[in-house]
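In terms of our numbering, the sequence shown opens at residue 28 and continues consecutively. For every residue, glycine included, the Cβ atom is placed at its ideal position computed from N, Cα and C. Report on the following structure.
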Amino acid sequence: MFGTESSLSMFLNTLTPKFYVALTGTSSLISGLILIFEWWYFRKYGTSFIEQVSVSHLRPLLGGVDNSSPNSSSSSSNGDADSSRQSVSECKVWRNPLNLFRGAEYNRYTWVTGREPLTYYDMNLSAQDHQTFFTCDSDHLRPADAIMQKAWRERNPQARITAAHEALDLEDCATAYILLAEEEATTIVEAEKLFKQALKIGESCYRRSQQLQHHGAQYEAQHRRDTNVLVYIKRRLAMCSRKLGRTREAVKMMRDLMKEFPLLSMFNIHENLLESLLELQNYADVQAVLAKYDDISLPKSATICYTAALLKARAVSDKFSPEAASRRGLSTAEMNAVEAIHRAVEFNPHVPKYLLEMKSLILPPEHILKRGDSEAIAYTFFHLQHWKRVEGALNLLHCTWEGTFRMIPYPLEKGHLFYPYPVCTETADRELLPTVFHEVSVYPKKELPFFILFTAGLCSFTAMLALLTHQFPELMGVFAKAFLSTLFAPLNFIMEKVESILPSSLWHQLTRI
């Protein structure tokens, strides 16, 4: 009778170092090939092949059912259709429709903290906007307008303010009052007084240029400039009313302005209106505004998407419980709210961390990059209070927002419900935001699946074993024998116990088999 331990020892003694080199080398090669295939499959399809096969073939055998496949496929097809209809410039910078006043708000922050809330790039974009909105080729014909044309190009704030006073010394000038209201006024009340003075002059200039606009290109340019000036003044006056607590008055001014100038969408006045209506908790009017502007043919924004999500969350959030939802499943209203949140998060994935106060807020910039961190800051700065006012809305957002990233196709260039996320967003946001005291939020990356990490570790480990076995064959052979002996020690112990219990004849028959 040969013992199991002696048989194992004889087998191990017959193995040469070359066998161990071949074994570890082959293991390393196989695991490396699996790693390469898994990585290629993940880069192309966004999931692990092993994991997908396990879910597809093992889950049905274990009784699990995947109900999300039809919905996800239909959503993907809808997303592709939406993407084909979108033709939006990737990194176009937009003027923040809710931008603060430099003198009354940004400068007060600087006086208190000693920090500059605006970057040079952001202020330079504002200077270009002012030159576009408030100047025209015929400004040299009027001395005050000629001075203001130079003032908008000045980099030094004090030089701009001095030039505005010089223009007013010559004659009444609406753009001079605008500059003083924006940069010299230290309170909203002072800014409102200056804008009211600008309004009188602006309306007079607008009526005069309106009568002459068809007399030539020069008069047409003047009328276009006067229209921009008048719309800007009225919009800022409405914002002053909103900041001073006269919200209903602000809503009326915004509605009147949108009716009077329906084609001037560059100021995005509807976003100011949405914020004011939310402050009044007039959700029916908010829904009416969304019905007009949340259209596939119009540019989206965080305000549009997250306000739509807030309205749908409001219908279910007060009674929502993740434990109850996991037991009974989501109702139709809850599913609509979750889908609206996923849609909003896909459009701008940076907003939830600010709404949930996982990331600190700063003052919003004067320009934003849609779908970027700058837009997330600008939205949350004004709308966080509205989410807090709706009971349970932030809890519902907290429970559901991260699920968005499991639905977004990989690679991200494919998009889902919107056009693909711009790759240049982070770079542009670093120009718009003060990175000295703010860490720019970046687009969440998909985590590597477990099986890729596992095969990478296995490949590295077996490759190291193959290298050590090749360099130190005798020593690695001793280690391998010791490891295998230890590994089979429990089996040897069991076999010895069985041999001691069974009769000798029966044991001989088993060993022969």
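Asked, Found
"Where W179 falls: helix, strand or coil (DSSP)", "coil"
"Identity of the residue in S358, H425 and S344 nearest E545 by Cα", "One cannot answer for residue 545 here, as it falls past the ends of the chain, which runs 28 to 540."
"Rounded Cβ spacing between L382 and L411 (contact assumed at less than 8 Å)", "6 Å"
"Cα-Cα separation, A509 to L502", "11 Å"
"Cβ shell of E18 (< 6 Å), same chain only, five flanking positions each side left out", "Given that the chain is displayed from residue 28 to residue 540, the structure contains no residue 18 and the question cannot be resolved."
"DSSP three-state assignment for L396, whether helix, strand or coil", "strand"
"Endpoints, the alpha helix (DSSP H) within which V316 is located", "Y310 to Y320"
"Counted within 10 angstroms of its Cβ, other Cβ atoms place H157 as buried (16 or more) or exposed", "buried"
"Residues near D400 in its chain [Cβ-Cβ closer than 7 Å; skip 5 each side]", "H377, D456, L460, V467 and S468"
"Touch test, the region 264-281 against the region 162-177, Cβ-Cβ under 8 Å, three pairs minimum", "no"
"Touching by the beta-carbon criterion (3+ pairs, under 8 Å), the region 271-285 and the region 300-319", "yes"
"Delimiting residues of the beta strand (DSSP E) encompassing R122", "V120 to R122"
"Per-residue DSSP class, three states only, for L338", "helix"
"Cutoff 9 Å: E287 Cβ touching any chain C Cβ", "Protein chain content of the structure displayed is limited to a single chain, and chain C is not contained in it."
"E402 versus A208: straight-line alpha-carbon distance, rounded", "25 Å"
"T359 to H369 span [Cα, whole Å]", "15 Å"
"CB of A405 within 9 Å of CB of A329, strictly", "yes"
"Counted within 10 angstroms of its Cβ, other Cβ atoms place L60 as buried (16 or more) or exposed", "exposed"
"First and last residue of the uninterrupted alpha helix (DSSP H) at T375", "The sequence given here places Asn at residue 375; Thr does not occur at that position. Careful: N375 lies outside any alpha helix (DSSP H) and carries neither H nor E."
"H410 (DSSP reduced to helix, strand or coil)", "helix"
"Helix, strand or coil at N519 [DSSP, three-state]", "helix"
"Contact check, C163 vs A248, beta carbons under 9 Å", "yes"
"Which of helix, strand or coil DSSP assigns to D345", "helix"
"Beta carbon of G272 nearer than 9 Å to that of K346", "no"
"C-beta contact flag for F160 and Y259 at 9 Å", "yes"
"Three-pair Cβ contact test at 8 Å for the region 144-158 versus the region 178-192", "yes"
"Whether A203 touches A191 by CB criterion (9 Å)", "yes"
"Straight-line Cα distance separating T452 from W121", "13 Å"
"When L257, R252, R251 and E193 are compared against K223, the one with the closest alpha-carbon", "L257"
"Terminal residues of the alpha helix (DSSP H) in which Y453 lies", "A small correction: the amino acid at residue 453 is Glu; Tyr does not occupy that position in the sequence shown. Per DSSP, E453 belongs to the alpha helix (DSSP H) from T452 to L459."
"Delimiting residues of the alpha helix (DSSP H) encompassing C232", "I215 to L239"
"E132 - DSSP class collapsed to helix/strand/coil", "helix"
"7 Å CB neighbourhood of R129 in its chain, flanking five on each side removed", "E209 and E210"
"Minimum C-alpha distance to L197 - residue among M175, V216 and I205", "M175"
"Delimiting residues of the alpha helix (DSSP H) encompassing T159", "Y147 to F161"
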